[in-house]
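Let me begin by presenting the structure, written as structure tokens, before commenting on it.
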Ligand SMILES: Cc1cc2nc3c(=O)[nH]c(=O)nc-3n(C[C@H](O)[C@H](O)[C@H](O)COP(=O)(O)O)c2cc1C
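In our numbering, the protein residues as written are 5 to 202.
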């Protein structure tokens, strides 16, 4: 239960939301907003909306010069934690999200708490996408929160912009609680800002 967490941080945590779907009425976006609403008394969640601010395909030049890219990287760097959601496409994350993640490096993500949610239409939908995102995050030395939510049979679970099944509400609430807990613990040790000698 959220109320049982002792989260007496001096300020609200800044949590960036990144959604890998550009679909109107996206189930993934609904799931991310459910998590964000659940933690709103503890965290300021803000969308890095890849539809409103579409990032060009990755090139080194875009990384250096494109204002949307520069802003995206900056917002990620300044967030205390990141909540990432994606639809599963062909057993993996979407190209839109992968392209956005290609702009990031350990400079922004090392020791950053990352919560993952994936959505898929199939019976086991979302699991492949979670694995793929975990692997990317491991590569970037991010702190991936072990509890992740796969929302299978997405169009039964999410209808008319709402999560309708209690089992999945519970899963998303657990993601939210773990995100807060991890982020609070990491922030209190200030590990994000420590330089550990090799
Ligand atoms: C190109 C493409 C590939 C897909 N591949 C999978 C898949 O591998 N597994 C699955 O469960 N669903 C798959 N789906 C279905 C989507 O994951 C599902 O419709 C999801 O709810 C879409 O998320 P959104 O509403 O946030 O856009 C695929 C959909 C598309 C368009």
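No residue lacks a Cβ here, since even glycine has one placed at the ideal position from N, Cα and C.
DSSP places residue 90 in the strand class (E or B) of the three-state scheme. A distance below 9 Å separates the beta carbons of residue 180 and residue 43. In the structure shown, residue 147 adopts extended strand secondary structure according to DSSP, grouped into three states. A distance below 7 Å between beta-carbons, with the five flanking residues on each side excluded, links residue 116 to the following residues of its chain, in chain order: 85, 86, 146, 147, 196. Relative to ligand 1, residue 42 has its C-beta separated by 8 Å or more from all heavy atoms.
With a cutoff of 8 Å, residue 32 counts as near ligand 1, since its C-beta is closer than that to a heavy atom of the ligand.
At a Cβ-Cβ threshold of 9 Å, residue 19 and residue 183 count as neighbours. Bounds of the alpha helix (DSSP H) holding residue 77 are 71-82. Judged by their CB atoms, residue 187 and residue 91 are not nearer to each other than the 9 Å cut-off. Beta-carbon to beta-carbon, residue 80 and residue 112 are separated by about 5 Å, close enough to satisfy the 8 Å threshold.
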